[in-house]
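The structure under discussion appears below in the form of structure tokens.
Residue numbers (the numbering used here): 13 to 698.
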């Protein structure tokens, strides 16, 4: 923490916010000279930015075969991470187990947690770093400063006067007895200094933290309060101090929580006791351990029925929500007890007006909790279909990729537009129809990435949001009977549109991506790139084998991008560095073109050019004067010499040549893909 204090909060914030490929910045005070000087400065800034955009755009359009096909500069494999992409023989991982007791009183949470931290690393640790994510909502947080710098309202806001954690006690078991260690806090980070180093090889320490906070009304679009008719819904996330991840690549991964970038967390078991007003229903990560204390006999019977039912069963029906008979007799608050094993986080929701329904799939209890206001609607189905949607997703991803490993799956309607946690997701109470299906499918899809495959969301959002959006694509096709749901967002034409102008690479850390670009760079583009890899490069059978192997190898572990790339290369037997370099590591673009078509004797000579920075296989359709058609495949290796490929076409005169006749490539300029006369072809949607 001394380093943080040395640079100061504003200086640190500027360091954190500096994007990897930022344009030159001329912000700051104006030199003497008044309005004229300010106008000169503005013009200079605009000219510099225009020049930088032009420079970057020209680089994106220059094809360098040596650079495009050079090996990716990946970290060297070793004893912790194998060259095949699998965990190495000496791979290790830390563990954090939590026992939390908390009380909901009006709009305030008060709690105590005991963290049992296991040091499986080969290093001695002199401190523990802890995340205090509620501190984002302080008016003076780094996230608030970032929002002010960006100007206007930001999605991940919600700052208020009394926001943030109140830490009233920190204790650590040092040498067999609880003592008060020295600790320091800076924004959303806490460093607990250990009196003696925590030895390597499986040694443990217990830390207790007393905490409290006022629940934000709008908690960064991830949690908060929703007033509904006659009651309230609380969505609680980032609600307890959480240990940062310590790994073999970066050591401690401590960094401020700014709102847009998400999390990187250790796995462990959670035992959680939540005391709430008696008239509230609670749903949470994990299995409910004391249903006989907090549910009525009728509700327990209905849950047992639902677990065995493919059809949705009401635990609390729309006409029962908020009624006295839905709660056990008495006046005092009730304590709900939950246990979750091998998870990286814990979230929950509570309301005095929940409609609650459930169904089952292979002994998994699939549930939804929502207000009456979320049902029905003129644009299609409302939340009464949420459990049906959730059940489809759990079954589809289990059968296609990796079995859902947890006992429950829950969808909660509330303020958050869409947010994921182990076994429970938050979606907007306003969602209806296809959007409700899509957001439900996306958020529960995060069970696989990053809940099962524990990637670093703060650095590599594409391995979290992009992978999930990719598996959503095929889930939507199955649910809709052949047509992608909202698939136009990642269609080749849309991705081409999104990549026409210079931007940031997909590889850019989440907090360095402009908020307006996060949807493309973290979600849609990486998902579309994976579809391209599956459908056009490797083929579904080979890709699926590699993707399943990646999940199997890294389930409940912490993969890096190199581990994914090496696994796909290992399983497919293909060098894919060129593919990931252009689409993920660089802000390159695809522009394949027909340079010329000439008749030479009995053949037609077609010259193709690669005018963008990405090499890709090329498919050409040749249409002859007599109406016959021939297709040619040009492998990606053909571009290794230079940016030109010559195809000699035998036979009669040619009427039309077309690159990518099925429209599967995100080519930024389709105008140079056609020569001559003829009908343009398009592949039907997948």
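Ideal placement from N, C-alpha and C gives every residue a C-beta, glycine not left out.
Identified DSSP bridge partners for residue i
i: residue 282; result: 110 and 352
i: residue 210; result: 137
i: residue 621; result: 605 and 656
i: residue 385; result: For residue 385, which the question treats as bridged, DSSP gives no partner whatsoever.
i: residue 369; result: 326 and 380
i: residue 226; result: 120
i: residue 507; result: The partner list for residue 507 (beta bridge, DSSP) is empty, contrary to what the question assumes.
i: residue 687; result: 669
i: residue 256; result: 277
i: residue 231; result: 235
i: residue 216; result: 130
i: residue 440; result: 426
i: residue 346; result: 288
i: residue 616; result: 611 and 661
i: residue 74; result: Answer is none; residue 74 lacks a bridge partner.
i: residue 9; result: This structure leaves residue 9 out entirely; the chain is present only between 13 and 698.
i: residue 299; result: 351
i: residue 191; result: 184
i: residue 202; result: 142 and 197
Environment of residue i [buried if 16+ CB atoms lie within 10 Å]
i: residue 241; result: exposed
i: residue 683; result: exposed
i: residue 250; result: buried
i: residue 17; result: Interpretation of residue 17 is limited by its pLDDT of 32, a score under 50 that renders its predicted location unreliable; no figure is taken from the coordinates.
i: residue 679; result: buried
i: residue 513; result: exposed
i: residue 462; result: buried
i: residue 666; result: buried
i: residue 106; result: buried
i: residue 626; result: buried
i: residue 266; result: buried
i: residue 192; result: exposed
i: residue 82; result: exposed
i: residue 74; result: exposed
i: residue 604; result: buried
i: residue 509; result: exposed
i: residue 146; result: buried
i: residue 188; result: exposed
i: residue 78; result: exposed
i: residue 169; result: buried
Where the alpha helix (DSSP H) through residue i begins and ends
i: residue 628; result: That residue, residue 628, is in no alpha helix (DSSP H); it is neither H nor E in DSSP.
i: residue 483; result: 477 to 492
i: residue 447; result: 445 to 457
i: residue 317; result: 309 to 319
i: residue 159; result: 154 to 162
i: residue 306; result: 303 to 306
First and last residue of the uninterrupted beta strand (DSSP E) at residue i
i: residue 575; result: Per DSSP, residue 575 belongs to no beta strand (DSSP E); it is in the alpha helix (DSSP H), 573 to 584.
i: residue 180; result: 178 to 185
i: residue 328; result: 325 to 328
i: residue 377; result: 376 to 382
i: residue 235; result: 235 to 240
i: residue 197; result: 195 to 198
i: residue 244; result: 243 to 248
i: residue 261; result: Note, residue 261: premise wrong, no beta strand (DSSP E); not H, not E.
i: residue 294; result: 293 to 296
i: residue 362; result: 360 to 363
Presumed contact (8 Å Cβ cut-off) between residue i and residue j, rounded CB distance
i: residue 511; j: residue 601; result: 5 Å
i: residue 260; j: residue 482; result: At roughly 27 Å, the Cβ-Cβ gap does not stay under 8 Å, so residue 260 and residue 482 are not in contact.
i: residue 343; j: residue 290; result: 7 Å
i: residue 274; j: residue 528; result: Contact doesn't hold; Cβ gap of about 18 Å is too wide.
i: residue 421; j: residue 376; result: 6 Å
i: residue 369; j: residue 380; result: 6 Å
i: residue 272; j: residue 596; result: Not quite, the Cβ-Cβ distance comes to about 19 Å (not below 8 Å), so this is no contact.
i: residue 409; j: residue 474; result: Their Cβ separation, rounded to whole angstroms, is 19 Å, which puts residue 409 and residue 474 out of contact at 8 Å.
Short CB-CB distance (under 9 Å) between residue i and chain B
i: residue 168; result: Here chain B cannot be found, since the structure has a single protein chain.
As an exercise, report each continuous beta strand (DSSP E) stretch of at least 3 residues that is fully enclosed by the segment 631 to 660, in chain order. Runs of the beta strand (DSSP E) lying entirely within the segment 631 to 660 and spanning at least 3 residues, in chain order: 641 to 646.
What are the complete alpha helix (DSSP H) segments, minimum 4 residues, inside the segment 521 to 608? Correct list: 537 to 544, 552 to 566, 573 to 584 and 589 to 592.
Which runs of the beta strand (DSSP E) fall wholly inside the segment 80 to 149 and span at least 3 residues, in chain order? Counting only runs of 3 or more, we get 107 to 117, 120 to 131 and 137 to 143.
Could you tell me which whole beta strand (DSSP E) segments of length 3 or greater appear in the segment 398 to 433? Considered as a whole, the segment 398 to 433 harbours 420 to 426 and 430 to 433 as its complete beta strand (DSSP E) runs of no fewer than 3 residues, in chain order.
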